[in-house]
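Just below is one structure, and these are the notes that go with it.
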Amino acid sequence: MWLSLVWRVLLAFALIATALAGHWFDRDGLRDNVDGAISFVDVLYFTMITVTTVGYGDIVPVTDQARMFDTFVVTPVRLFVWLIFLGSAYEFLFKHVWERWRMSVIQSKLKGHIVVAGYGTSGAEAVSELIRRGTDPAEIVVIDHEEDGLAAAEGCGTNIIDGDATRNATLEAVQVARARAILVSAGRDDTSILIVLTARRLAPDVPISVVIRSEDNEALARQAGADTVINPASFAGMLLAGSTHGPHIADYMADLANAGGRVSLRERSVTPDEVGKPLAGISTGLGLRIYRGGDCHGFWEPASSQLQPGDLIVEVVPR
Numbered sequence: 167m168w169l170s171l172v173w174r175v176l177l178a179f180a181l182i183a184t185a186l187a188g189h190w191f192d193r194d195g196l197r198d199n200v201d202g203a204i205s206f207v208d209v210l211y212f213t214m215i216t217v218t219t220v221g222y223g224d225i226v227p228v229t230d231q232a233r234m235f236d237t238f239v240v241t242p243v244r245l246f247v248w249l250i251f252l253g254s255a256y257e258f259l260f261k262h263v264w265e266r267w268r269m270s271v272i273q274s275k276l277k278g279h280i281v282v283a284g285y286g287t288s289g290a291e292a293v294s295e296l297i298r299r300g301t302d303p304a305e306i307v308v309i310d311h312e313e314d315g316l317a318a319a320e321g322c323g324t325n326i327i328d329g330d331a332t333r334n335a336t337l338e339a340v341q342v343a344r345a346r347a348i349l350v351s352a353g354r355d356d357t358s359i360l361i362v363l364t365a366r367r368l369a370p371d372v373p374i375s376v377v378i379r380s381e382d383n384e385a386l387a388r389q390a391g392a393d394t395v396i397n398p399a400s401f402a403g404m405l406l407a408g409s410t411h412g413p414h415i416a417d418y419m420a421d422l423a424n425a426g427g428r429v430s431l432r433e434r435s436v437t438p439d440e441v442g443k444p445l446a447g448i449s450t451g452l453g454l455r456i457y458r459g460g461d462c463h464g465f466w467e468p469a470s471s472q473l474q475p476g477d478l479i480v481e482v483v484p485r
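Residue numbers (the working numbering): 167 to 485.
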């Protein structure tokens, strides 16, 4: 912002210097109605008054050459200087105030939203999949510092912010403590883990999912506070390995993960009318496992024979 302001000031001074030089070299074409003599101070005064206003009439051009110079050089310089002034006022005052007001309105509405830190390949695919699954793009906030990525995210209808997701101010600006979930895909494991650390401190109860490239860093990501750690290479390896045990295993796993598949995985809380029933007795889908008190129980284990209040059910449901 300040570099742009410096360039504008230098351009304005360059235009004024051009007009000053022209008037000085053709000072014989000017007439001072006060004392009749044209000094450098008179030329400087006349140039500034002519560029910023239309003059007071105390110094006037009297020759055709001086008048043509004022017509075809000074007048365009005056217009350019005013455009630079108005553009700077808009850029650094009106636009700044407008953006702050617009951002405050967006922030006031952010609640139960999804924060996506990093709009690379994984982040962009995550946003697309969320939208395909029915999430309103207005409920998604993308944090990135690449202009192309932000433009693409904005094109999807999401809210965007140009910032560093490892900084407290950036995460506070997107109301991370009121978010429904945080998805981290910064492209580098160290950056992603630092984002998780920062987000977990600001939002201790918000679920955080992170993409980690190296298997060695998965434990670090969990220690940093991530609830879900996804390793794309490991997942691809599992699909490949699964395909060796049957041609349809990998296909079914991809079907579960894809929004366009025939079935999907869903996690939900047990309902009052399901309490006391076995996991196999639910009617909403095919129960796979339950989570009770931080422990996981499969459908074949004795704990899943009787559902209890507070249980979380993971089930397969038709798309």
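Just so it is clear, CB atoms sit at the ideal spot from N, CA and C, and this is done for glycine as well.
- Item | residue 386 vs residue 283 beta-carbon contact at 8 Å | no
* Cα separation between residue 165 and residue 174? -> This structure cannot speak to residue 165, because the chain is shown only from 167 to 485.
Worksheet entry | Per DSSP, the bridge partner or partners of residue 457 | 462, 478
field: Contact check, residue 235 vs residue 192, beta carbons under 8 Å
entry: yes
Could you tell me which residues DSSP pairs with residue 325 in its beta bridges?
307
message: Using a Cβ-Cβ cutoff of less than 7 Å, which residues in the same chain neighbour residue 462 once the five nearest sequence positions on both sides are dropped?
response: 455
| Which residue from 251, 474, 432 puts its Cα closest to that of residue 177? | 251
- request: Determine the closest residue to residue 377 out of 465, 353, 259, 319, with distance taken between C-alpha atoms.
  value: 353
Quick one: what's got a C-beta closer than 8 Å to residue 311's C-beta in the same chain, skipping five residues either side? 328, 329, 330
Which value, in whole angstroms, describes the spacing of the CA atoms of residue 372 and residue 435?
17 Å
Using the C-alpha atoms, what's the distance from residue 419 back to residue 412? 12 Å
**Report entry** Coil, strand or helix - residue 437 by DSSP
**Finding:** coil
Through-space distance from residue 169 to residue 210, alpha-carbon basis: 28 Å
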